[in-house]
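Engineer: Chains as they are written, first to last, in my numbering: chain W, 1 to 664; chain C, 1001 to 1664; chain E, 2001 to 2664.
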Amino acid sequence: MRLGVCYYPEHWPEALWEDDARRMKALGIEQVRIAEFAWSRMEPTPGEYDWAWLDRAVDVLGNAGLKVVMCTPTATPPKWLIDRHPDILPVGADGRPRAFGSRRHYDFSSPSYYEASQRICTAVAERYGKHPAVAYWQTDNEFGCHQTVVSYSPAAIARFREWLKARYGTIDALNRAWGTVFWSMEYRSFDEVDAPVATVTEAHPSHRLDYRRFASDEVARYNRMQVEIIRAHSPGRPIAHNFMQLFTEFDHYKVAADLDVAAWDSYPLGALEELWFAPEVKAKWLRTGHPDFASFNHDVYRGMSKLPFWVMEQQPGPVNWASWNPSPLPGMVRLWSWEAFAHGAGCVSYFRWRQAPFAQEQMHAGLNTPDNQLDVGGREAEQLAAELRSVLAADADAKADADANVRAQVALVYDYEAKWLFEIHPQGDDFHYPRFAFEYYSALRALGFDVDIVSAHAPLDGYRLIVVPPLPVVPDDFAERLARSGAQVVIGPRTGSKTVDLQIPANLPPGALGSVLPMRVWRVESMRPNVSAPVRFNGSAQGTSDGVARHWRDLIEPTKTRALEVRAQFTDGHPAYVKSGAFHYLAGLFDDALTQRLFAHIAHEAGLVAAPLAYGVRISRRGALTYVFNYGEKVYQHAGIAAERYVIGSPEIEPQGVAVYRSN
Amino acid sequence: MRLGVCYYPEHWPEALWEDDARRMKALGIEQVRIAEFAWSRMEPTPGEYDWAWLDRAVDVLGNAGLKVVMCTPTATPPKWLIDRHPDILPVGADGRPRAFGSRRHYDFSSPSYYEASQRICTAVAERYGKHPAVAYWQTDNEFGCHQTVVSYSPAAIARFREWLKARYGTIDALNRAWGTVFWSMEYRSFDEVDAPVATVTEAHPSHRLDYRRFASDEVARYNRMQVEIIRAHSPGRPIAHNFMQLFTEFDHYKVAADLDVAAWDSYPLGALEELWFAPEVKAKWLRTGHPDFASFNHDVYRGMSKLPFWVMEQQPGPVNWASWNPSPLPGMVRLWSWEAFAHGAGCVSYFRWRQAPFAQEQMHAGLNTPDNQLDVGGREAEQLAAELRSVLAADADAKADADANVRAQVALVYDYEAKWLFEIHPQGDDFHYPRFAFEYYSALRALGFDVDIVSAHAPLDGYRLIVVPPLPVVPDDFAERLARSGAQVVIGPRTGSKTVDLQIPANLPPGALGSVLPMRVWRVESMRPNVSAPVRFNGSAQGTSDGVARHWRDLIEPTKTRALEVRAQFTDGHPAYVKSGAFHYLAGLFDDALTQRLFAHIAHEAGLVAAPLAYGVRISRRGALTYVFNYGEKVYQHAGIAAERYVIGSPEIEPQGVAVYRSN
Amino acid sequence: MRLGVCYYPEHWPEALWEDDARRMKALGIEQVRIAEFAWSRMEPTPGEYDWAWLDRAVDVLGNAGLKVVMCTPTATPPKWLIDRHPDILPVGADGRPRAFGSRRHYDFSSPSYYEASQRICTAVAERYGKHPAVAYWQTDNEFGCHQTVVSYSPAAIARFREWLKARYGTIDALNRAWGTVFWSMEYRSFDEVDAPVATVTEAHPSHRLDYRRFASDEVARYNRMQVEIIRAHSPGRPIAHNFMQLFTEFDHYKVAADLDVAAWDSYPLGALEELWFAPEVKAKWLRTGHPDFASFNHDVYRGMSKLPFWVMEQQPGPVNWASWNPSPLPGMVRLWSWEAFAHGAGCVSYFRWRQAPFAQEQMHAGLNTPDNQLDVGGREAEQLAAELRSVLAADADAKADADANVRAQVALVYDYEAKWLFEIHPQGDDFHYPRFAFEYYSALRALGFDVDIVSAHAPLDGYRLIVVPPLPVVPDDFAERLARSGAQVVIGPRTGSKTVDLQIPANLPPGALGSVLPMRVWRVESMRPNVSAPVRFNGSAQGTSDGVARHWRDLIEPTKTRALEVRAQFTDGHPAYVKSGAFHYLAGLFDDALTQRLFAHIAHEAGLVAAPLAYGVRISRRGALTYVFNYGEKVYQHAGIAAERYVIGSPEIEPQGVAVYRSN
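(1) Cα separation between ARG1464 (chain C) and ALA1215 (chain C)?
(2) From which residue to which residue does the beta strand (DSSP E) around THR595 (chain W) run?
(3) Out of W:GLU380, W:GLY511, W:ALA177, point me to the one whose CA is closest to ASP476 (chain W)'s CA.
(4) Is THR1248 (chain C) helix, strand or coil when you go by DSSP?
(5) Is TYR577 (chain W) near LEU586 (chain W), with beta carbons less than 7 Å apart?
(6) Can you tell me whether DSSP reads MET2312 (chain E) as helix, strand or coil?
(7) Are three or more beta carbon pairs between the stretch 345-356 of chain W and the stretch 2479-2496 of chain E nearer than 8 Å?
(8) Going by DSSP, which residues form a beta bridge with LYS1306 (chain C)?
(9) Kindly indicate which residue of C:HIS1584, C:ALA1593, C:ILE1504 has the alpha-carbon position closest to the one of PRO1534 (chain C).
(10) Closer than 7 Å between beta carbons: that is the criterion. Which residues of the stretch 2415-2443 of chain E meet it against chain W?
(11) Just tell me which of C:ASP1299, C:SER1323, C:HIS1343 has its CA closest to the CA of ARG1622 (chain C).
(12) Tell me whether THR1148 (chain C) is buried or exposed, calling it buried when 16 or more other Cβ atoms sit within 10 Å of its Cβ.
(13) List the residues of chain E whose Cβ lies closer than 8 Å to the Cβ of GLN1503 (chain C), in chain order.
(14) Kindly indicate if chain W contains any beta-carbon less than 7 Å away from that of TRP1039 (chain C).
(15) Check whether chain E comes within 7 Å of ARG523 (chain W), counting only Cβ atoms and requiring the distance to be less than that.
(16) Distance, Cα to Cα, GLU665 (chain W) vs SER650 (chain W)?
(17) Helix, strand or coil for MET70 (chain W), going by three-state DSSP, please let me know.
(18) Do the CB positions of GLY1318 (chain C) and ALA1365 (chain C) come within less than 7 Å of each other?
(19) Between which two residues does the beta strand (DSSP E) holding GLY547 (chain W) run?
(20) Whole angstroms is fine: what's the gap from ASP299 (chain W)'s alpha carbon to TYR441 (chain W)'s?
(21) When burial is assigned at 16 or more other CB atoms within 10 Å of the CB, is ALA402 (chain W) buried or exposed?
(22) What's the call for ASP2554 (chain E), buried or exposed, on a 16-neighbour Cβ count within 10 Å?
(23) Give the DSSP bridge partners of ILE619 (chain W), in chain order.
(24) Let me see if you follow: with CB-CB separation under 7 Å, is LEU2286 (chain E) close to chain C or not?
(25) From the beta carbon of SER2153 (chain E), is the nearest beta carbon of chain C less than 7 Å away?
(26) Under the rule that 16 or more other beta-carbon atoms within 10 Å means buried, what is LYS1306 (chain C), buried or exposed?
(27) Does any residue of chain E have a CB that is nearer than 7 Å to the CB of GLU633 (chain W)?
(28) Quick one: what's got a C-beta closer than 7 Å to SER663 (chain W)'s C-beta in the same chain, skipping five residues either side?
(29) With the cut-off set at 7 Å, would you say ILE1453 (chain C) and TYR1414 (chain C) are in Cβ contact?
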C-alpha cells in the first residue's frame, strides 16, 4: 500500500525539479513513473542519445528518496524514425496509414519497428537498468489505446499468414476449420489469404476471429521482447505494463503472463461517459463514477497480476478526453484510492503530478494546477497518505494482507475472445459482452459479495459460487473443472455456443457443457431494445411476471438422457432458467432485479449469505480489514460494528465517504 | 402450387445426401435449388473442372423424384480468379476496390468477369442443360445484394461513356439534356464525363440519374448473357432469378423481361427490422412481419413474371442478417407460405434444408437444425404440403387458377426510376419512394382489395381503380392510357414533376398530366418530421381537420382552361385534394387514416366496395378460392361464409391462422 | 436602400433577355449580379474566349437602366482546366481529391489555379472593367462553401510549411510554442511538419489551430489577388464578396479588409433547419426563420463593411439545399428585406430572377417560377420597391442615415479563431461557439437593444455595454481597451483561457484579463446535455434557484490582491457570477431567461433601459426611423407612437408585418 505519481521532467524547467521531488515526498508519495513519452529527448537525432537530462532527473528523484518506475518510450516513436521507415505506421480499415502527429503510430507487426524498439529498449535498459533509484519498469504505455491493436498493413498480413500456417499446418485444415466452402471462399494456399477487411458484405467470421487472435498475439510478442531486454539488463526489478479500463482488444491474460505487475489506468468519470451506460445512469453517477466500475477493473487485473496489481494512473480531477468532462465530487479521489487498496492494490499512482499547460492533454487535471498550486486531488492524496500510515500502524497485518493473494468465495469467469467473437458475430446489434459481464459482476457486488475475476483456464477449486457470463467457446476441460470445484455454477446464455473455430457444436449449444447440462439450445432469438420477454418463476401466479429478459434468449429443450429442472419459464412457455445438479443455466439476459434475485437464491444454495447493500454503498473485505464506500448522495449508517473497531471513519458514512474497520 | 427447398450438398458429407433427398420427398418437397455458390468446387483450379461430386448430387436428387433448379455460380467467383483479374472487384464510392472474402465481389462492367462468367455458365449449362433431373435454372443469385449494382471502377466509367454516347448521340445533346451550363459543368466530349462521385457538393442530379440507369442496364445485360447461354444449352427449361424483397437498385421490369420466372426471396422478419418502420411498428409485428409486406412483394413479382412467380427462398425461422433476429411465431412459416399461393405463387421454396454450422450464415435457421432434427419450420412445411394436396384435390381448378394471369380490379403503378430520382433529388430528407408506394398499397389492402402492381408502361385497361404513388417521370402516353382505361385514377403528389432528363417540365408539374389535370404546381414544400399540414374536407366544420399531410405538399392552383373541383383544403387555404373527371390528385402525403378514407371514397366512385378488415386480418382472392390470414393476436371470426365452403380452417381463425374457402 | 437581383442570362434563350430586363426595371430593381458561374461560356475552349454573348447581356441590362454587378467566374473552373491541371482539386481529410462535377473544386493553395485565376480575372476585368453598365464587382462566390477552406493537398502542405516558417522563424520556436515535447512530437525542421490529419488519435491542438489560421490566410491571399486585378482594370467600382450566413471557417475580418462591400447571402429558413436549433424551435419558426438570425448576420457584416453592407442573395421562397425546405409565410420576403434595410443594408438582391428548371438548384425558388410567372416573392419585392420609394420620399434623411456608420450603444465581440479553437479543443462535445455568441446576441435583441458586432481588435470607445461571448484568446491590449471604453463589460466563461499558441496562460484563465478581474479559474467542467448546474443570486432564498448553467462552468476563486464581488453562486457553493469594477464575469453558460435577466440588470448599471419585447417582435432603430417586425403568429399592438409618425404600417402589426415610424 503506497502512493505514486506520474511525472514528466522534460515538460518543465529543470529549476522546478528539486522542489517537485521534495513536495512529492512531503505529500507521502513513494514512487514516480517517468519517461514513457520521451524518445525524442532521449534520441533527438538518429543514433545520438542524450541521457544527460534524464540522468539528472533520475538523480533528483532518487536523492529525494523516491523510487523511479522507468519506462520504455516506444509508445511515441519520433518523426525522424517515421520518415526513415514509413512502414512503421499502422494501416486502418480504410487502407490508409495512420499518420504521425499524436501517439501509438506504430504497427506491432512492422519489422522495422520491432528492430527500432529493440534498439531503444536496450539503450534505456542498459543506461538505467542498475541505477539505484530505478526500482521498477513499465513497458511502453497503454497497449492498444486508440484502436491500435489491429492493423491492415502488408506487414501484418504477411505475419498473419505465418500465424495461420503455424495454427493450421495445411490450407485444407484451414478451409475445413473455417468452412470456406460456404461461399466459394476456399483457399489453395496460405498466400491467398488476406486480411478480413473491405469485403463486399461481412467477411467470414472465423477469418475475422483468427485475425483478432493473431493481432492479440502480436501485442504479446512485442511486449515479451521488451520484457526480455529489461530482465537481461535490470534483473530483479519488477516489470509492469499499464493496461486500460475495460479494454478488451487483446488477451490481457497472455500479455500479463510475461509481466510481474498488471497495472491499470483508472479514470472512472471518463469511462462512465464513454461506455454503454444510459444517459440517466451517466447523469446519476456523473461526478463519482459507477460504484462497480473501478472495482471491476481492480478485480480483473488483480486476477492476472503476479505481484499485487497497481493503479498506474489514477484520475485526480477532470480529464480531457471524454465527450463531457465533469469535475469529481470532493472526496472521490480519496475514495477511489482507498477502493483500490481495498481490492489489493500495491500502489496507487496519480496521473499526473502537475497539469501540463500545452498539447493534447492540457485540460487533464493533475495533483497540482499548471500554476503549481496543490489542487483538490493533491490535498486528498495528502490526506490519504496520512491515513495510510495510520492504517498500517494500527494493523500490523494490513500491508501483508493486502499483498497476499486472498481468495474470494465467488468467482466470475471473464474472457477476451468472447468479446471479439460476439462483436464479430453478434446476431443482435446490442450484444455487448463486457456490458453483460459487468452487469453480472455488479449484481454480485450489490449483494455484498467480494468477487474474484478469473480466466476460463484458471483453477476453480475453492470457490463456492462461480458465475459464467456468456462464454461462447468453453475449454475442453471446463465442465469437468467446474463440476470438480464443488461450487454452484451459474451459466449465462450463449455459453458453449461455438467451437474454437467459430462453428456451431455438433450437439448444438451448450456444446461441451452438454455433459453437465442435459439440454439442447435448438433456437435463439435476439430482441430489439423496445422488446423484452417476460419471465415467471414456477411458483408465481399465472398472468404475472417476475422480470424480463432483454437482448437475447435461448430456446432450450431437455435432452432425453437426464433430468433437467425447469425453475422459471418465459410466458410463452419456453424454459427461462433450468438447473441440473450444481449447474444453473440462464436462458436469457435478465433485468438487473431479476438477476440479483436469482444470484441471491443460488448463493444461498451455495451456502453463502447475500447481504444486499444500500443504494450507492459498496463493501470490500481484504485481510483483516473491511472497507465501506458511499457513492450515494445521502449519509449511510453502517450497523452492527462497534465504534472501536473503526480504523478510519465511523458508522456514519458521509456521501463520498470511506470507513475502514477491523473485520473481527 | 408446390414446395421447394434450397440445398447445398457441398456443405455436407456425401453420406447424408440420400437420406436428405428421401426426407425432402417425404416432407412433400418437389424441387431443389442447388449450386449457386459452388464455383470453387466446380473449378477448384483454373480451367480444371470437377463435376463428379455435382453429378452424384444431381443424380441422388433426381433418383429421389425431385426436380433440380440448377444455378450458375457467378455470385461467388473464387479467389484464384480474383487474384488473376483484380479488375473484377467492384469499386466503392470511396474509390477503393471491394475485396474478396464474402460474396458478390464482382463488377457488372468488368470485361474480365463478363468473359469468365460466359465460360463458367457455358460449362455448367453444357454439363447439366439436358440432365433429366434439371427442370429449371436460376441465374446468379440476388443481383445487387450488398449494394453491388453501382460500381465506380474504370471499367464502369468506360462503359458509362459508351452508354451516354448511345443515349445522347452528341455531347451537345447531353449538355442540353442535363443543363450543364448551370455551374460551368459543360463537357466537350464524352471522354470528359466521369462517374458522379466524390464531388465537392452534390453532383449533378441528371448525371447521377443517368449513372443509375446505366448501372441498372448493366445488370440486365449481364443477366441476358447468362440467359442466352442457358437457353442455347438447356432449351425448354424455365429460367428464373431470385430477386430481393423491396429491392429497387435496378429496373426489375427490364431484367424480368429476359426471364421466364420472376422469383423472390422472402424474409418478412428481417425486412421489418431493416426497413423504415417506426420502432413501435417493429415491436408490434416483431414475430409475424408486417401483414402487407410479403403481399406487396408477391404482387410486385407476379406482375413481371411470365410464368407464375416463385418464392425462391422462404424464411423458415430466425435469420442472421438483421440488426435483431427474433423467432417467428409458431404458424407463421405456414401462413407465409399459404399467402404466397394466395397471391399466385407457383412454388414456395424454403431456405435452407438444414442450418449450416459454419461461416457467415450459421445463425440462419433451416427446415432442419444443424444436428439434423426437423425444426418448427420443417414441421409447418410438412403440414402445408398435406394441406396443399387436399386443396388441390378438393378444388380441381385450384392449380390452374393459381397459375392463370388473374386480373385484380385495382392496380398500383410501381416504378424503379422513381426511387432513384427521389433518392438523388429528394428535396426533403425522408422522401422515400418505396415507403410511400407501400403505404398506398397497405391502405388498399386494409380496405380488403386485391391489388395488381404494374409498371407505368403496362396495359391499364380493365382496372376500375388505378393508384399512382408519386411518379416523377410519366410516360408520354400515360395520361391517355389512364383516361382510356375508364378507371378512377388517384395521383400522388410530385407526379409528373420531372422530365425524363430530370428537369422541371415547361408547364410545371404535373407536366404531361396537365392534359387531364388542369392545374399547376407552382410551389412545393417538404416538412420535417415534427411538422404536418392539417387537411379539411369541404364539408367539414371550420377549425376542425380531417387528417394531416406529412413529409410533403404541393401548392397548386387551377389553370384557366378547365374546371378543377377542390374537395379538400389545407387549413391555410391551399387545395389538398382536387378532382377533374376521373382524375383525383392528392397534393400531399396524407396520414394512413386519411389515405384509407380517401381511397374508400374514390373506390366507391369506381363502383367498388371497400370492406375494411379487422386489425391484422388480410384477405386474398385467387381463382375459385378466398384466403384469410390472421396476423393479429386475437381470434378472428370471419362472418358470412357457410362452414361447408371452408377447404382449410373454419370461420374462427386463430392468431397466425389461415382459412381457405370456395369463393362461391 | 435599393433592390437587386441575381441573373443568369446564359441559362435562358437570348430571346427572353430584353423582357427580363424590362420587367426587372418595372419591378423596382436597380442592380443585377451576373456571370459568377459562367467560365465555361466565357472560355469554352482553352485560351479561346467568347465574350459576344456576355457583351450582349450586359448591354441589354445597361440599356434597360440597370447597374451590373460583374463577377469573376472562379468558383467553377471548367472541366478542361481540371483535366489539364488535376492538382487544382482540393484534397479531403480522407486523402482523396474532391472531384469535378459540382462547384468550388479548387484548392486555394494550388499554384496552377492561382495562375489560371489571375488569367481569367484579368480577362474579365479588362473586358468589362470600364463598361458603363458595370457598376460593381463580386469576387468569386461564397468562399469556403461546401467545406472548401481547408485542403490537405501537397500544395497546401508546402505552403503551410512556408507559413509556419514566416510565423515562427525557427523550428525550435515552433516546438516551444506548440509544446511538441509532450508526446515526442518534436520536429527538427519545418519540412518534417505535415498537415494535422489522419493521426492515430487527435492531432496536436496548436498544430490544428495553426493549420486553420493558415487556410484562412490562403483565402484572404486569393481574394486579394482578385481584388488587385479588378482595381487595376476597373478603378472606382466598389468590389464586394458574398459571404455566407454564420459562416466561420475563415477570418472574415481579414478578407473584408480588402473589399469595399461585405455582402452576405441570406437564407433564413435553410439556416434554421441546418443549424443547432432544437427540433421544436425549428418547428416554431419553420416558415419565418428565427427572429434574430438574419439580424445577427446583418450586424456581423455591417461591422466589417467599408461601404454599407449588402444582402447579395435574399431567399425569395423555398430553397433546395436544406434537409427539409418549407415555404416562407406570405409576407416574409418583404419582412426580411425591410429588416436588412433596418440594419443598414445598401442593397437587398434576390436570388434569383427566375427558378432554373435544371441542374442542382432546380428546386430553389426565384422571383419568378420556371414558367415565367411572378411568384409570391416577386410580388412582395414589387410591393417593397414601392414602399422604399415612399420611405425615401417621406424622409429625406433615410438614405443617408441608412448608409452612415451609425453606432449602437451595445457591442458584442465576435471572433473567428474562437470558433476554430473551441472546435479543435472543445472539452465538451457541444461547446459550439457560434451558438453561444448567437444566444448572447439574441438575449440582447429580445431586450430591445440595437447591437453592433465587432472584432476584439476594433475600437470600443463610445459603447455603454460590451458583451464578450467566450473568447479564448484575448488581444494583449483588450483589458485596457475595455476598461478605457467606460462601458459595463460582460465576459463569458472560458474567456482568456488560452494563449495565442493554444496553451493555458501561466496565471491560469482569464489570463490577460486577470489585470481587471482579480480571479483565477482553477478548474472547469463540461456538462452532458441531461445535466445542468443550478444558480442562485445572493439575495434569493436557500433551496431555490434562479436558473441554471448548461454545457459548461468555470470554477473560480478570487486572487488575493483585489476584491471580487460574488453576485450569484452555483448551489454547490462555487461562484457563478462575479463583478469587479465594470467587469462582470459569468462563470457558466446560463439558460436564456437567466441570461436575459442578467443582461437587463447590467444594462441598467450601464445606464441603458432594457425594454423586453413581445414574443416574436423585434425592433431596430436606424437614422431617423424605427422599424418593428412581427415574426409571431398574433397581431402585435405597438403602444406609445402617434399614428401620424408611421411611414409604413400602423401600431397594429399583423403577423409577418412591418411598421416603420419616425423615431422622433
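Quick reminder that beta carbons are idealized off the backbone N, C-alpha and C, glycines included.
What you are looking at is a predicted structure, and each value in this text was computed from that prediction instead of being measured.
Structural biologist: Working from what's here:
(1) In the second sequence, counting from the first residue as 1, residue 1464 (chain C) sits at position 464. In the second sequence, counting from the first residue as 1, residue 1215 (chain C) sits at position 215. If you take the alpha carbons of ARG1464 (chain C) and ALA1215 (chain C), they lie about 36 Å apart.
(2) By one-based count along the first sequence, residue 595 (chain W) stands at place 595. That residue, THR595 (chain W), is in no beta strand (DSSP E); its alpha helix (DSSP H) goes 592-605.
(3) Residue 476 (chain W) sits at position 476 when you count from the first residue of the first sequence. ASP476 (chain W) has its Cα closest to that of W:GLY511, out of W:GLU380, W:GLY511, W:ALA177.
(4) What you label residue 1248 (chain C) is simply residue 248 of the second sequence in a count that begins at 1. THR1248 (chain C) falls in the coil class under three-state DSSP.
(5) Counting from one through the first sequence, the residue named residue 577 (chain W) turns up at place 577. Counting from one through the first sequence, the residue named residue 586 (chain W) turns up at place 586. Yes, the pair counts as a contact, with Cβ atoms nearer than the cut-off.
(6) The residue you call residue 2312 (chain E) lines up with position 312 of the third sequence. DSSP places MET2312 (chain E) in strand when its eight states are reduced to three.
(7) no
(8) Position 306 of the second sequence, counted from the start, is the residue given in the question as residue 1306 (chain C). Partner(s): none; LYS1306 (chain C) has no beta bridge.
(9) On the second sequence, residue 1534 (chain C) is found 534 positions in, with the first residue counted as 1. When each option's Cα is compared against that of PRO1534 (chain C), the closest is C:ALA1593.
(10) GLN2427, GLY2428, ASP2429
(11) Residue 1622 (chain C) sits at position 622 when you count from the first residue of the second sequence. Ranking the options by Cα distance to ARG1622 (chain C), first place goes to C:HIS1343.
(12) On the second sequence, residue 1148 (chain C) is found 148 positions in, with the first residue counted as 1. So THR1148 (chain C) counts as buried.
(13) As a first step, residue 1503 (chain C) must be located in the second sequence, where it is residue number 503. What GLN1503 (chain C) touches in chain E: PRO2357, PHE2358, GLN2362.
(14) The residue labelled residue 1039 (chain C) in the question sits at position 39 within the second sequence. Chain W contact via Cβ: present.
(15) Looking up residue 523 (chain W) in the first sequence gives position 523. No, ARG523 (chain W) lies away from the interface with chain E (no Cβ there is under 7 Å from its Cβ).
(16) This structure cannot settle anything about residue 665 (chain W), because the visible part of chain W is limited to 1 through 664.
(17) In the first sequence, the residue the question calls residue 70 (chain W) occupies position 70. Three-state DSSP puts MET70 (chain W) in a strand.
(18) Here residue 1318 (chain C) refers to the residue found at position 318 when the second sequence is read from its first residue. Here residue 1365 (chain C) refers to the residue found at position 365 when the second sequence is read from its first residue. In the sequence as presented, Gly is not what sits at residue 1318 (chain C); that position holds Pro. Yes, these two residues count as a Cβ contact at 7 Å.
(19) Taking the first sequence and counting its residues from 1, the one referred to as residue 547 (chain W) is at position 547. Segment 547-558, the beta strand (DSSP E) holding GLY547 (chain W).
(20) Here residue 299 (chain W) refers to the residue found at position 299 of the first sequence. Here residue 441 (chain W) refers to the residue found at position 441 of the first sequence. Whole-angstrom Cα-Cα distance: 10 Å.
(21) Sequence index remark: in the first sequence, residue 402 (chain W) carries index 402 (1-based). Its pLDDT being 49, under 50, ALA402 (chain W) is placed unreliably in this model, and the coordinates cannot settle the point.
(22) In the third sequence, residue 2554 (chain E) corresponds to position 554, counting from 1. When all chains shown are included, ASP2554 (chain E) counts as buried.
(23) Position 619 of the first sequence, counted from the first residue, corresponds to residue 619 (chain W). For ILE619 (chain W), which the question treats as bridged, DSSP gives the partners W:VAL628.
(24) Reading the third sequence from its first residue, position 286 is the one you call residue 2286 (chain E). True, the Cβ-Cβ gap to chain C drops below 7 Å.
(25) Walking along the third sequence from the start, residue 2153 (chain E) turns up at place 153. No, because no Cβ of chain C sits closer than 7 Å to the Cβ of SER2153 (chain E).
(26) Here the question's residue 1306 (chain C) lines up with position 306 in the second sequence. Per the 10 Å Cβ criterion, exposed.
(27) As a working mapping, residue 633 (chain W) is identified with position 633 in the first sequence. No, because no Cβ of chain E sits closer than 7 Å to the Cβ of GLU633 (chain W).
(28) Stepping through the first sequence from its first residue, residue 663 (chain W) is reached at position 663. Closer than 7 Å at Cβ, skipping near neighbours: ARG621, ALA624, LEU625, THR626.
(29) The residue given as residue 1453 (chain C) occupies position 453 in the second sequence. The residue given as residue 1414 (chain C) occupies position 414 in the second sequence. For ILE1453 (chain C) and TYR1414 (chain C), yes; Cβs fall inside 7 Å.
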